[in-house]
Structure formats: structure tokens, C-alpha cells
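**Q**
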Amino acid sequence: GENQYQNSLPYILNQEGYTSNAFHNYEGVFFNRKVIYPNLGFENFYASEDMNVEQIEYMPLDSVMFDQMIDLMVPVQNDPFFTFIITVTPHGPHHKYRDELKKHYDLLEADSNYDDASMELLTITAAQMDFDEGLGILLDDLEAKNLLDETVIILYSDHKNYSDYEMTVEYTPNSDIPFEIEKVPFVIYSQTLGQGEKDVITSHYDVTPTILDFLGISYIQYYYYGQSMFLDDKEDLPIILSYTSWISYENVVQFDVIKSGNDDPDRYLEQKLFIYDTINKFEKMFHTNYFRDKTTYISNQ
Numbered sequence: 283g284e285n286q287y288q289n290s291l292p293y294i295l296n297q298e299g300y301t302s303n304a305f306h307n308y309e310g311v312f313f314n315r316k317v318i319y320p321n322l323g324f325e326n327f328y329a330s331e332d333m334n335v336e337q338i339e340y341m342p343l344d345s346v347m348f349d350q351m352i353d354l355m356v357p358v359q360n361d362p363f364f365t366f367i368i369t370v371t372p373h374g375p376h377h378k379y380r381d382e383l384k385k386h387y388d389l390l391e392a393d394s395n396y397d398d399a400s401m402e403l404l405t406i407t408a409a410q411m412d413f414d415e416g417l418g419i420l421l422d423d424l425e426a427k428n429l430l431d432e433t434v435i436i437l438y439s440d441h442k443n444y445s446d447y448e449m450t451v452e453y454t455p456n457s458d459i460p461f462e463i464e465k466v467p468f469v470i471y472s473q474t475l476g477q478g479e480k481d482v483i484t485s486h487y488d489v490t491p492t493i494l495d496f497l498g499i500s501y502i503q504y505y506y507y508g509q510s511m512f513l514d515d516k517e518d519l520p521i522i523l524s525y526t527s528w529i530s531y532e533n534v535v536q537f538d539v540i541k542s543g544n545d546d547p548d549r550y551l552e553q554k555l556f557i558y559d560t561i562n563k564f565e566k567m568f569h570t571n572y573f574r575d576k577t578t579y580i581s582n583q
């Protein structure tokens, strides 16, 4: 919690003249966010206790958070702003009816496509509808403030829905492929981008390099394992899940078993050593508070 992260996205954007704020509709002590977020460079972090929201059985709704905090999320100011929003309504639980989502259940019950849907599927969909309502509040506010055309919006989930395994498999194409059910989409909205899809293997540690690259901010690649998704010559670095599991274009390894792709034992050992060295490198950076006095990017100002 005492580390400083001058390679973090909010810290770098602060140096570029942005203001940075984070929002989450759950308790600030969870994952030590109240401590770690300021150390990451966020000027303010607003948790559920900082919002005028009703504490329901699970967590305050995403739509309520957006409605309550929208003027802090989308400030009218001369400086550019970075707003990081962690939503939680679609997280779950999904196994039973949630009273706070009643209006969404009502819409689904009127839709014949959901006549035979399980309670779990109904709850997952209703929760996602609430997030969609919150996203609509954000988009409408950006448009009302004439900021939508100048704003980059990124949507990314930290994991798939935590639902019944059989149901997840049923709704996932090619679910027999290892880790296929773990995939989540990465969405970027910007007026400067055309409509389209890009099929690349990526993970959360690619987010910061991607955003910095998109904004034209130079950074020192050595300090990041991730790479910008916009690189034409993106290196085939494996998505590291642990010392024993990884995903790459070359192969998929799960618990030290090659599930698909290149099964050459010498190449496997090369990958294994690379992953071991990479994890150790970044763990040493963390444990030594490496970034407390490091300049990690080249200012464009």
C-alpha cells in the first residue's frame, strides 16, 4: 500500500495535465482501494460510502452510481480528465431473484425470447441491463456537455460472468478449447476510430500501453509487460496466468500441460523460463518500490 507507481496510467496522465478520479459502488476497504488508488496517482477515489446511494442487499446499483456521481465523472473544466469507473451490478450473485432489478425482470418476462430462460440467465441479463442504463447516463451527459466527440471510452471486464459452468459452456462457442469460456471483449469508442473488430490475444496489462499509444504519449516499454493493441508488429508475448499456465498464438498451456499448438519440449522449456523470469522481474519491481523515483515516460508537453 505504501508503494508509488510512477508508471501507472493515472500518474502519467496527471503529468500530462489530466485530472484523474476513480469510482466504485462498493466499500473502499475492499482490495485496499482507499489506500492503493491514491498511490496509483488518482487524485480522488469515491467508494459507496462517499455516495448518496441506498445500501441494498448486495451492492448499490451501477445505474444509481452513475446518476449520483455523473458531474464528478464528467467534470466541466478546461483540463482533460481521466475517469476510471469500476461497476459491479453484473458481478452477481446470479442464482436468485434480485428485487432491485425488478423493472428489468419485467421487461425480460414480456420478451418471448426469454420464455424458457433460467433464473440465472434472467438475473445475468437484468444486471447487465442495469449497467447499460448507467452507461446510457454517461453517454447522454457527455453529449449534453458537448464532450462526447472528444472523449475516448473503454469498456473491459476483469473476468467472465460467475455463473453455472454448464450454462456458460452452453452459450460459449468452441467452449471445449481451454480458457475459451474466460474470454471477455475489449471495447474502445472514439470518434477518431472507424467501426470494426480486431482479433488479438490481449489482457489487462495491455490496457495502459494501448491508451498511452492511442493518446500519442511516449512511454518506456521495459517498464510494462503489456503492449499496445495498435502495434502492427505486436510481439507474441504469452498471456501469463501463472508459472504453469499461459496462452499465446503459439500454444495454450494449462498446469504445465500443453493443451494445443506447438508441443515441442525444448520450446516449452524456453517459454517456461521466460515466464519465470518475467514474473520474478515484476515481483522484484513491486517489492523494492522500484518506481518511487523512476521517470517512466517521455513528456509531450
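Per my numbering, the sequence shown runs over residues 283 to 583. Positions of the beta carbon are idealized from the N, C-alpha and C atoms, including for glycine. Here the structure is a predicted model, which is why all the values come from computation and not from measurement.
Whose C-alpha, out of His373, Glu532, Gly418, Glu415, is nearest the C-alpha of Gln553?
**A** For the residues His373, Glu532, Gly418, Glu415, the minimum Cα distance to Gln553 belongs to Glu532.
**Q** Rounded to the nearest angstrom, what separates Glu464 and Val356 at their Cα positions?
**A** Spanning the two alpha carbons is a distance of roughly 32 Å.
**Q** Classify Asn296 as helix, strand or coil using the three-state DSSP reduction.
**A** Here Asn296 sits in helix by DSSP.
**Q** With distances taken from CA atoms, which of Asp458, Leu513, Tyr487, Lys378 is nearest Ser439?
**A** Looking at the Cα atoms, Tyr487 is the closest of the given residues.
**Q** Are the stretch 290-299 and the stretch 320-331 touching, with three or more C-beta to C-beta distances below 8 Å?
**A** Contact holds: three or more Cβ-Cβ distances are below 8 Å.
**Q** Short of 6 Å in beta carbon distance, which residues of its chain neighbour Ser510, apart from the five on each side in sequence? Order them along the chain.
**A** Closer than 6 Å at the Cβ level, and outside the excluded window around Ser510, lie Pro491, Thr492, Asp495.
**Q** Short of 8 Å in beta carbon distance, which residues of its chain neighbour Ser507, apart from the five on each side in sequence? Order them along the chain.
**A** Strictly speaking, residue 507 in this sequence is Tyr, with Ser absent from that position. Excluding positions up to five away in sequence, the list reads Tyr487, Leu519, Ile522, Thr560, Phe564.
**Q** By DSSP's criteria, Tyr572 is part of a beta bridge. Which residues make up the other side?
**A** DSSP output for Tyr572 lists no bridge partner at all.
**Q** Quick one: using the 10 Å Cβ neighbour count with 16 as the cut-off for buried, is Thr570 buried or exposed?
**A** Flag for Thr570 reads exposed.
**Q** Between the Cα of Phe348 and the Cα atoms of Thr484, Pro455, Thr371, which residue gives the shortest distance?
**A** When only C-alpha atoms are compared, the closest one is Thr371.
**Q** Based on the DSSP secondary-structure assignment, which residues constitute the bridge partners of Ser542?
**A** Per DSSP, Val534.
**Q** Buried or exposed, going by whether 16 or more other CB atoms sit within 10 Å of the CB of Ala392?
**A** So Ala392 ends up on the exposed side.
**Q** Indicate whether Val346 and Val335 have their beta-carbon atoms separated by less than 8 Å.
**A** Yes, Cβ-Cβ distance for Val346 and Val335 is below 8 Å.
**Q** For Asn334, which of helix, strand or coil comes out of DSSP?
**A** In this structure, Asn334 counts as coil in the three-state DSSP scheme.
**Q** Please report the residue range of the alpha helix (DSSP H) in which Asn321 lies.
**A** 315-322 is the span of the alpha helix (DSSP H), which, as asked, contains Asn321.
**Q** Going straight from the alpha carbon of Gly416 to that of Leu389, what length do you get?
**A** Their backbone Cα atoms lie some 17 Å apart in a straight line.
**Q** Leaving out the 5 sequence neighbours to the left and right, which residues in its chain are closer than 6 Å to Phe366 when beta-carbon positions are compared?
**A** Contacts found: Ala304.
**Q** From the DSSP secondary-structure annotation, give me the bridge partner or partners of Ser302.
**A** Answer by DSSP bridge pairing, in chain order: Phe364.
**Q** Closer than 8 Å is the cut-off here; do at least three beta carbon pairs connect the stretch 406-415 with the stretch 455-470?
**A** No: fewer than three Cβ pairs fall under 8 Å.
**Q** Give the DSSP-derived three-state secondary structure of Val370 in the structure shown.
**A** Coil.
**Q** Which class does Leu343 belong to by DSSP, given the choice of helix, strand or coil?
**A** It is coil, neither helix nor strand.
**Q** Ile483 by DSSP, collapsed to three states: which one?
**A** In this structure, Ile483 counts as coil in the three-state DSSP scheme.
**Q** Asp353: which of Tyr471, Ala426, Ile529 sits nearest, CA to CA?
**A** Among Tyr471, Ala426, Ile529, the Cα nearest to that of Asp353 belongs to Ala426.
**Q** Would you say Thr405 and His373 are within 8 Å of each other, going by their C-beta atoms?
**A** No, the pair does not count as a contact, with Cβ atoms beyond the cut-off.
**Q** On the CB-based measure, 16 or more other CB atoms within 10 Å of its CB, does Leu383 come out buried or exposed?
**A** Per the 10 Å Cβ criterion, buried.
**Q** Could you give the distance in angstroms between the alpha-carbon of Trp528 and the alpha-carbon of Gln359?
**A** Rounded to the nearest angstrom, the two C-alpha atoms are 44 Å apart.
**Q** Distance, Cα to Cα, Ala399 vs Pro342?
**A** The alpha-carbon atoms of Ala399 and Pro342 are separated by roughly 25 Å.
**Q** Tell me where the beta strand (DSSP E) around Val451 begins and ends.
**A** Per DSSP, Val451 belongs to no beta strand (DSSP E); it is in the alpha helix (DSSP H), 447-452.
**Q** So, Leu525 versus Ile557, is the Cβ gap smaller than 8 Å?
**A** In the sequence as presented, Leu is not what sits at residue 525; that position holds Tyr. A contact, by the Cβ cut-off of 8 Å.
**Q** Quick check: the Cα distance between Ser485 and Leu437, rounded to an integer number of angstroms?
**A** Those two C-alpha atoms are separated by around 13 Å.
**Q** How is the beta strand (DSSP E) around Phe327 delimited, first residue to last?
**A** First-last of the beta strand (DSSP E) with Phe327: 326-328.
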